[in-house]
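Trainee: Letter by letter, the sequence shown follows residues -6 to 392 of the numbering used here.
Cβ atoms here follow ideal geometry from the backbone N, Cα and C, with glycine treated the same way.
Computed from a prediction, not measured in an experiment: that's the story for all the values here.
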Amino acid sequence: MSLASNRLAIGFSCIGHTFSHLFAPIFFVVVLALEDEWGLSHGEAVALIVVGNVLFGVAAPVAGWLGDRWSSAGMMGMFFLGTGGGMLAVGMADGPLTVTLSLAVTGLFGSIYHPVGISWLIRNAERRGLVLGINGIFGGVGPAVAALSAGLLTDLWGWRAAFLVPGGLMVTIGVVFYLLMARGLIADSGADLQTGPPTSKSDRIRAFLVLLVTMLCTGLIYQASQAGLPKVFSERITGLGDGGGVAGIGMTVAMVYLVAGGFQVVAGYLADRYPLKAVYLATFLLQVPMLFLAAQLGGSALIATAMIMVTLNIGSLPAENALIARFAPSGWQGLVFGLKFIVAFGLSGLGVKMEGALYDATGGFFWLFVVLSAIAMVGAAAGLLLPPGRARAAAAPVK
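#1: Spell out a yes or no on whether the segment 64 to 83 and the segment 302 to 311 are touching, meaning 3 or more CB-CB pairs, one atom from each, closer than 8 Å.
#2: Within 10 angstroms of the Cβ of Phe293, are there 16 or more other Cβ atoms? Answer buried if so, exposed if not.
#3: Quick one: residues in its chain with C-beta nearer than 8 Å to the C-beta of Ser64, no 5 flanking neighbours on either side, listed in chain order?
#4: Return helix, strand or coil for Ala155, following the three-state DSSP convention.
#5: So what does DSSP say about His14, is it helix, strand or coil?
#6: So, helix, strand or coil for Thr192, using DSSP?
#7: May I have a chain-ordered list of the alpha helix (DSSP H) segments no shorter than 4 residues that lie completely inside the segment 99 to 136?
#8: In angstroms, rounded to a whole number, what distance separates the CA positions of Thr276 and Gly126?
#9: Is Ile198 near the ligand COA, with its Cβ less than 7 Å from a heavy atom?
#10: If you reduce the DSSP assignment to three classes, tell me which class Gln289 lands in.
#11: Taking the alpha helix (DSSP H) that Thr231 belongs to, which residues open and close that run?
#12: Specify the secondary structure class of Ala179 as computed by DSSP and reduced to three states.
#13: Quick check on Phe330: does DSSP put it in helix, strand or coil?
#14: Does DSSP put Ala321 in a helix, in a strand, or in coil?
#15: Using 8 Å as the threshold, is the C-beta distance between Leu379 and Val203 below it?
#16: Can you tell which of Gly77, Pro136 and Val44 has the C-alpha that lies nearest to the C-alpha of Val249?
#17: Residue range of the alpha helix (DSSP H) that Ile42 falls in?
#18: Is the beta carbon of Val39 closer than 8 Å to that of Val345?
#19: Can you tell me whether Phe358 is helix, strand or coil according to DSSP?
#20: Going by DSSP in three states, Ser64 sits in which element: helix, strand or coil?
#21: Can you tell me whether Pro89 is helix, strand or coil according to DSSP?
#22: Please classify Asp265 as buried or exposed, where buried requires at least 16 other C-beta atoms within 10 Å of its C-beta.
#23: Tell me the rounded alpha-carbon separation between Phe49 and Leu205.
#24: Hey, Ala155 and Thr165: beta-carbon distance below 8 Å or not?
#25: Under a three-way DSSP split, which group does Leu186 fall into?
#26: Go ahead and pull the three-state DSSP assignment for Ala52.
#27: Can you find at least 3 beta carbon pairs, one from the segment 101 to 119 and one from the segment 67 to 78, that sit closer than 8 Å?
#28: Does Pro311 come out as helix, strand or coil in the three-state DSSP assignment?
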């Protein structure tokens, strides 16, 4: 594989990571407008995306298997075109049912990215932790861009524009991607550029059983927090919901995810330099007090706490993905990453439902963050059982 193709693979994987995280946070900002327009409760409105969120995870193993057996590059092109087309359909929907169906299509095609794009990236990475950290910045920026653009576009031209503009951009990128493939500038990668010592069957089984628990914990916290932040900011930050409009709330959420995303390169550096298990475990332990504080705080203190808790939540991903790559059988990384996202986005997509149900039942967010703090404790306890992870492995030269 050429150096140019290698760099384009990493570049499009990073761009894809941003777009893979757009549709859900856009929707959670748009929900603030849909509640009034269609007369829905907060719980009813956020529930419209549950099917899409579940498909985003449940369909991932099939996408990963196709990437392994057919073409990673070809599947990435389908990701851009299909996800962008689904977002365009959401923007043209005429009611709750058509929004639900369009979000389901968006989630189905969006499920391609993580099993295919991450494994494609890893095969092209000489320093996995660093590249995963950089990729994590792009993923972290996704919710920030989504929240900011959704707020501004909703206030300027209505909620439909919040989906139509990024959807059209994704379709355009998909066309460019396939043109580069046709010219041979983008190709499927061969063997991993980084190799490591073989792992035993018992360690592989142990690692994946533990990771099933920790990934579910990470996903539930991520999904529930992402769904709840726009609403909790509108209620607990004086004047934000009234004076700033949807755009003001969107900008605040964007700031949280932008700061959190920027720290992903640090998380990747730590994953390269220190034992993966220690880095991974630390992210869970530090989330516990931050989530508990978020249950009680308001104003600028809540914003600062949210930045730290989101940073720690997504900061676990470089170490987590490096652990998966280390223990996944050779030639099956796409499928294994797909199985991860059944848990990370499929089952954990129920975190959105949990957020809405707890809010409707209690009228606030105190108990949501208490429950999420307990979930982080479960993740930390499970992480103690992981086999030790090497900090770095040898890199093969790029031709």
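Mentor: Considering the structure as presented:
#1: no
#2: As a working mapping, residue 293 is identified with position 300 in the sequence shown. It is Ser, not Phe, that sits at residue 293 in the sequence shown. Exposed, by the Cβ-count rule.
#3: Position 71 of the sequence shown, counted from the start, is the residue given in the question as residue 64. Once the five neighbours on either side are set aside, the close Cβ partners of Ser64 are Asp181.
#4: Translated into positions along the sequence shown, residue 155 becomes position 162. Ala155 falls in the helix class under three-state DSSP.
#5: The sequence position of residue 14 within the sequence shown is 21, counting from 1. DSSP places His14 in coil when its eight states are reduced to three.
#6: Numbered from its first residue, the sequence shown carries residue 192 at position 199. Three-state result, Thr192: coil.
#7: 111 to 116
#8: What you label residue 276 is simply residue 283 of the sequence shown in a count that begins at 1. What you label residue 126 is simply residue 133 of the sequence shown in a count that begins at 1. Their backbone Cα atoms lie some 14 Å apart in a straight line.
#9: Ligands in the displayed structure: none, and consequently the ligand COA is not present.
#10: By 1-based counting over the sequence shown, the position of residue 289 is 296. If DSSP states are grouped into helix, strand and coil, Gln289 belongs with coil.
#11: By one-based count along the sequence shown, residue 231 stands at place 238. Where Thr231 is concerned, there is no enclosing alpha helix (DSSP H), given that its DSSP letter is neither H nor E.
#12: Mapped onto the sequence shown, residue 179 falls at position 186. Looking at the sequence itself, residue 179 is Ile, so the reference to Ala does not match. Correct three-state label for Ile179: coil.
#13: Within the sequence shown, numbered from 1, the residue matching residue 330 stands at position 337. Phe330: helix per DSSP, three-state reduction.
#14: Working through the sequence shown from its first residue, we reach residue 321 at position 328. Residue state, collapsed to three classes: coil.
#15: Position 386 of the sequence shown holds residue 379. Position 210 of the sequence shown holds residue 203. Yes.
#16: Locating residue 249 in the sequence shown gives position 256, where the first residue counts as 1. Checked all of Gly77, Pro136 and Val44; the closest Cα to Val249 is Pro136.
#17: Counted from its first residue, the sequence shown places residue 42 at position 49. Segment: none, Ile42 is in no alpha helix (DSSP H) and carries neither H nor E.
#18: Here residue 345 is taken as the residue at index 352 of the sequence shown, counted from 1. Here residue 39 is taken as the residue at index 46 of the sequence shown, counted from 1. It is a contact, given that the beta carbons lie within the stated cut-off.
#19: Taking the sequence shown and counting its residues from 1, one reaches residue 358 at position 365. Residue state, collapsed to three classes: coil.
#20: As a working note, residue 64 is residue 71 in the sequence shown. The answer is coil: DSSP assigns Ser64 none of H, G, I, E or B.
#21: Residue mapping note: residue 89 aligns to position 96 of the sequence shown, counting from 1. Of the three classes helix, strand and coil, the one that applies to Pro89 here is helix, per DSSP.
#22: Within the sequence shown, numbered from 1, the residue matching residue 265 stands at position 272. Counting Cβ neighbours within 10 Å, Asp265 comes out buried, since at least 16 surround it.
#23: The residue you call residue 49 lines up with position 56 of the sequence shown. The residue you call residue 205 lines up with position 212 of the sequence shown. Each residue's Cα considered, the two are about 17 Å apart.
#24: Locating residue 155 in the sequence shown gives position 162, where the first residue counts as 1. Locating residue 165 in the sequence shown gives position 172, where the first residue counts as 1. No, the Cβ-Cβ distance between Ala155 and Thr165 is not below 8 Å.
#25: The residue you call residue 186 lines up with position 193 of the sequence shown. Note that Leu186 scores 49 on pLDDT, short of 50, meaning its location in the model is unreliable and no value can be drawn from it.
#26: What you label residue 52 is simply residue 59 of the sequence shown in a count that begins at 1. DSSP places Ala52 in coil when its eight states are reduced to three.
#27: yes
#28: In the sequence shown, residue 311 corresponds to position 318, counting from 1. Helix, per DSSP.
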